[in-house]
Structures are given as C-alpha cells and as structure tokens.
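Those letters in the sequence shown? Residues 554 to 648, per the numbering used here, in order.
By construction, the Cβ of each residue, glycine as well, lies at the ideal position given by its N, Cα and C atoms.
The next block holds one structure in the form of structure tokens; read it before the comments.
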Amino acid sequence: MTNSISKIDAERLAKEDLARRLGAAVSDVATQSVEDDEFSNASLGAAEEDEMSAQVITDGWRILLSHRSRTYEYRANSYQLRLVAFEGKNYRVYP
Numbered sequence: 554m555t556n557s558i559s560k561i562d563a564e565r566l567a568k569e570d571l572a573r574r575l576g577a578a579v580s581d582v583a584t585q586s587v588e589d590d591e592f593s594n595a596s597l598g599a600a601e602e603d604e605m606s607a608q609v610i611t612d613g614w615r616i617l618l619s620h621r622s623r624t625y626e627y628r629a630n631s632y633q634l635r636l637v638a639f640e641g642k643n644y645r646v647y648p
C-alpha cells in the first residue's frame with residue numbers, strides 16, 4: 554500500500570523532481586504557490602497517455618514552481634503527484 558503524502562511533502566517531492574528533470578539544483582527551483590483545488594477526475598485532470606481514471610471530482614493541490622522565469626505545474630493529493638504538460642506530456646511522479 555502506498556504511503557500518503559502531505560501538502561508539504563508534495564511540494565518537496567515536486568521541487569526535487571523538477572530539479573532532476575531540468576538538471577538544476579533544488580535551491581534554484583522556486584515555489585510560486587501551493588493551493589487547494591478540485592480536479593475533474595481521479596488522475597487530477599493530468600492523465601498519462603492511454604491512462605483511464607474515474608470521472609469523479611477529486612480534491613487536491615495545485616503546485617506552481619518556477620525555474621529561470623518558466624512556470625511548471627504539478628498536481629497532487631494524499632496519494633499521488635503528477636507533473637502537467639512537461640514537454641507536451643503528463644507524468645505520474647509519485648507513487
């Protein structure tokens with residue numbers, strides 16, 4: 554079973570993931586905002602290619618990060634973290 558994550562954990566994991574993808578230091582990734590949000594389905598409105606998900610309103614957090622004047626969006630809830638539209642694709646980061 555997957556361990557649940559908190560809003561703080563999701564922000565930290567998102568910053569670490571983005572830094573890794575960009576080849577940057579975590580300290581160079583800035584948090585713009587972390588806000589509560591509702592998403593249109595169980596994949597937080599950010600399904601990976603060919604992924605099916607339940608069509609149910611799902612509570613979570615929208616995490617906006619920036620690096621070198623570019624903004625990146627992550628979406629999370631207690632059970633998952635997703636990167637939205639990075640280089641044209643969505644990614645499941647956690648679990």
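Beyond the five residues adjoining it in sequence on each side, R645 comes within less than 7 angstroms, by CB distance, of E601, Q633 and R635 in the same chain, given in chain order. Per DSSP, I558 is not a residue of any alpha helix (DSSP H), being assigned neither H nor E.
Take the alpha-carbon of K568 and the one of G641: they are about 19 angstroms apart. Nearest in C-alpha terms to E626, of all of T611, A577 and D570, is D570. Per DSSP, reduced to three states, the secondary structure at E569 is helical. Taking the Cα of V579 as reference, the smallest distance to any Cα among S619, N594 and N630 is reached at S619. Boundaries of the beta strand (DSSP E) harbouring R645: K642 to Y647, taken from the DSSP string. In its chain, beyond the 5 residues on either side, D590, F592, L597, G598, A599, G613, W614, R615, I616, L634, R635 and V637 have a beta carbon closer than 8 angstroms to the beta carbon of R628.
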